[in-house]
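Peer 1: Residue numbers (the numbering used here): 1348 to 1486.
Input: one structure, supplied below.
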């Protein structure tokens, strides 16, 4: 594992990375692959999007993905949001989290986050309606 990745793993508190790799073969139920939150990755950026002297590789920890961008904390501790349009290749260095279905902490977080977003959405609708909560009534 590269030095920058070892540093991230230590700061993250991950002691044992065995058993967190992708599984491509075997019974379908046991296969796991793909990027996960907090993965250590390397991105190759299209040279046309860079200055001539810039390193085309960006290394760091995956924070989030969206339809248009990949968000990460780079090897220097800087937050980066990189447009998907300029990414040529994504290399997985290592997973820091367990597979999604086995990650109790992540599942709990997502459940609480969904509840919080629902509450915020309901509050925004009430405020947009002038404070009335009768939008469910007919007439």
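The beta-carbon is built from N, C-alpha and C at its ideal position, and this holds for glycine as well.
As the structure is a prediction and not an experimental result, all values here were calculated from the model.
Of the residues 1423, 1405 and 1356, which one's Cα is nearest the Cα of residue 1430?
Peer 2: With distances taken between Cα atoms, residue 1430 lies closest to 1405.
Peer 1: Short of 6 Å in beta carbon distance, which residues of its chain neighbour residue 1435, apart from the five on each side in sequence? Order them along the chain.
Peer 2: Within the same chain, residue 1435 has close Cβ partners 1391 and 1393.
Peer 1: Quick one: Cα of residue 1396 to Cα of residue 1432, how far?
Peer 2: Near 10 Å, if we compare the C-alpha coordinates of residue 1432 and residue 1396.
Peer 1: Cutting at 6 Å between CB atoms, please list the residues of its own chain near residue 1361, excluding the five before and the five after it.
Peer 2: 1443, listed in sequence order.
Peer 1: Would you tell me roughly how many angstroms separate the C-alpha atoms of residue 1410 and residue 1375, rounded to the nearest one?
Peer 2: Straight-line Cα distance between these residues: approximately 28 Å.
Peer 1: Using the Cβ count rule (16 or more neighbours within 10 Å means buried), how would you classify residue 1386?
Peer 2: Looking at its Cβ environment, which holds 16 or more other Cβ atoms inside 10 Å, residue 1386 is buried.
Peer 1: Just grab the DSSP bridge partners of residue 1428 for me.
Peer 2: Answer by DSSP bridge pairing, in chain order: 1418.
Peer 1: Tell me the rounded alpha-carbon separation between residue 1349 and residue 1356.
Peer 2: Distance between the alpha carbons of residue 1349 and residue 1356 is about 11 Å.
Peer 1: Given residue 1421, which residues of its chain have a CB within under 7 Å of its CB, disregarding the five upstream and five downstream residues?
Peer 2: Correct list, in chain order: 1405, 1406, 1407 and 1427.
Peer 1: Mapping the DSSP letters down to three states, classify residue 1406 as helix, strand or coil.
Peer 2: In the structure shown, residue 1406 sits in a strand (DSSP, three-state: E or B).
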